[in-house]
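One structure is given below, encoded as structure tokens.
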Amino acid sequence: MKTTWLKTALALAVGAMSSQTMAAGFALNEQSISGMGTSYAGRSSSADDATTLFGNPAGMSRLTREEVSFGAAAIKANTDIDDTSSFPATGSNDGDMVPATAVPMGYYVNPIDDKWALGVGVYVPFGLATDYESGFQGRFFGDYSEVRVITVQPTISYRFNEKLSFGIGPTLNRIDGELQSATLNGGRVKVKGDDTAVGFNAGVLYEFTPHTRMGVTYHSKVEYTLEGDTKLSGAGFGPFAGKYDASLDLTTPESVDVSLTHELNDRWTLYAGAMWTRWSRFEAIIIENESLPGPLQGGSLDPIIEEQDWHDTWSYALGAAFKLNQQWTLRSGLAFDQSPTNNTHRSPRIPSGDRTAVSFGVAWNPTADVTVDLAYSYLWEEDTKIRRSSPTRGVYNATYENSAHGFGASLSYRF
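Counting from 1, one number per residue, gives the positions in the sequence shown under the UniProt record's numbering.
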């Protein structure tokens, strides 16, 4: 039962929109609205505003004025569930189980001189939220999930010369979540857990010419030990209903983002990027339950082990920006993300497949000090199959068709 919670926590910590997140696995891309407009192509090389603190810390060296940027992305997902079968053979499959979700962000960058820059960012790198109807046919494999990671990143960058810059910053990451599922014996399992752990982001920016630059950003793995409890309720657990301590060790994967930005002329800028994520770290979930009463020891809760066997993924993006005039800039992009899941172990909590996204954005500069960014993204996934069978949770088979709309807005102010 708790396995499903750990699965969610893991996917989330490595990666707020359930299976319809705007990136592979459950990593969220929504740390920059200006980047959202180009499908995050050029994320590690564009360095257009303070959000480069996440995209590539070295990019802070290109900012010449003190700047603050804050905004949010709203995500609305849609899911159709078809071709279902299960045992027990009862329940509904309404789909659209992902509530509308907001992903906030905020950044501050201060260039100290022509070499050094300091900054701090607060953002949500990973997130998950699913809420199926109470009679969902796959409820024994999970019907409610909410997990989020909030990160604070103080950062420093240094410009060695006109071509080469470097930036680095530690990340303080807070993860918490709650997962629920029904049980075949008429009971219910609710699991909560949280932890705080430290990682880091680092990047290099190299400017071949004043119009062409390349960036490489490394996001480190993060090691968590989640502490929480499992609550067993309902007649099915009888006298053993109650709360029990639990813990699990979790290492989220590292990623490498490489991108290129080329200013074709005074109006056109082109972007290209690719990111590799080491999702293969997610091989299995092992959850240690503590203080279980004797009759529950040695059973399916002591401990819980579930194979995942995720694989490494690549994502790719192309984008362009067109400057209409001093006040208006238009953006667009196309991206493809591989899914790390597989048909053998995929569950209703993470019903994700390979996805394609198209994005549009606009930047408005009413003055030299202010920029307003707006963006829209639409993504769709290949049809995704779930084939789950367990002696303790029954059988659930279904085909998911997922899509999502993303809307973003941000304001940047330069002092």
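Every residue gets a Cβ at the ideal spot worked out from N, C-alpha and C, and that includes glycine.
Which residues does DSSP list as the beta-bridge partners of F407? Answer is A74, Y376, bridged to F407.
Coil, strand or helix - W364 by DSSP: In the three-state DSSP reduction, W364 falls in the strand class (E or B).
What do you get for T313, buried or exposed, if any count of 16 or more other CB atoms within 10 angstroms of its CB means buried? Buried, since its Cβ has 16 or more Cβ neighbours within 10 Å.
Based on the DSSP output, what are the partners of G167 in its beta bridges? Answer is S157, G203, bridged to G167.
Following the continuous beta strand (DSSP E) through G126, name the residue where it begins and the one where it ends. This sequence places Phe at residue 126; Gly is not what is there. Residues 116-131.
Helix, strand or coil at A398 [DSSP, three-state]: Three-state DSSP puts A398 in a strand.
Going by DSSP, which residues form a beta bridge with N289? Partner(s): A246.
M105 - DSSP class collapsed to helix/strand/coil: Here M105 sits in strand by DSSP.
Local Cβ density within 10 Å of P111, reported as buried at 16 or more and exposed below that: Flag for P111 reads buried.
Run the CB neighbour count on N29, radius 10 Å, all protein chains shown included, and call it buried at 16 or more, exposed below. N29 comes out buried.
How is the alpha helix (DSSP H) around S352 delimited, first residue to last? Per DSSP, S352 belongs to no alpha helix (DSSP H) and is neither H nor E.
Under 9 Å between C-beta atoms of S39 and T51: Not in contact: S39 and T51 (Cβ atoms no closer than 9 Å).
In the DSSP assignment, what are the bridge partners of R188? Bridge partners of R188: A182, S233.
Straight-line CA distance for L250 to S32? One alpha carbon belongs to L250, the other to S32, and they sit about 27 Å apart.
Using the three-state DSSP reduction, which class does L53 fall into: helix, strand or coil? DSSP places L53 within a helical segment (H, G or I) once states are collapsed to three.
On a CA-only basis, which of M275, F160, L411, M60 is nearest T367? Give me that one, please. Closest in C-alpha terms to T367, from the list M275, F160, L411, M60, comes L411.
What number of angstroms, rounded off, separates the C-alpha of M22 from the C-alpha of Y123? Note that M22 scores 46 on pLDDT, short of 50, meaning its location in the model is unreliable; the coordinates nonetheless yield the value given after this. Looking at the backbone, the Cα of M22 and that of Y123 are separated by about 15 Å.
Which residue wins for smallest C-alpha separation from M60, given the options I168, G394, A235, W268? Comparing alpha carbon positions, the residue from I168, G394, A235, W268 closest to M60 is I168.
Pull up the CB-CB distance for L172 and V198, whole angstroms please, since I reckon it's below 8 Å. With a Cβ gap of about 6 Å, L172 and V198 count as contacting.
Can you give the Cα-Cα distance for A77 and N201, rounded to whole angstroms? Spanning the two alpha carbons is a distance of roughly 29 Å.
Are the CB atoms of D83 and N325 within a distance shorter than 9 Å? Cβ atoms of N325 and D83: not closer than 9 Å.
Applying the criterion that 16 or more other CB atoms from any shown protein chain within 10 Å of the CB defines a buried residue, is E67 buried or exposed? For E67, the number of other beta carbons within 10 angstroms of its own is at least 16, and it is reported as buried.
Suppose you measure from the CA of G353 to the CA of H311; what does that come to, to the nearest Å? The alpha-carbon atoms of G353 and H311 are separated by roughly 13 Å.
Determine the closest residue to S181 out of V147, F140, E162, R213, with distance taken between C-alpha atoms. Among V147, F140, E162, R213, the Cα nearest to that of S181 belongs to F140.
Beta-carbon proximity list for H262, same chain, < 6 Å, skipping 5 on both sides: The answer, listed in chain order, is T212, L270.
Would you kindly work out how many angstroms separate the C-alpha atoms of H345 and D48, rounded to a whole number? Those two C-alpha atoms are separated by around 41 Å.
Less than 9 Å separating the beta-carbons of A409 and L379? Not closer than 9 Å, so no.
Taking the Cβ atom as the reference point for each residue, do L232 and V189 lie within a distance shorter than 9 Å? Yes, Cβ-Cβ distance for L232 and V189 is below 9 Å.
With 16 other Cβ atoms within 10 Å as the buried cut-off, status of D257: Note on D257: 16 or more other CB atoms within 10 angstroms of its CB, so buried under the neighbour-count rule.
State buried or exposed for L205, treating a residue as buried only when at least 16 other CB atoms are found within 10 Å of its CB. Buried, because 16 or more other Cβ atoms sit within 10 Å of the Cβ of L205.
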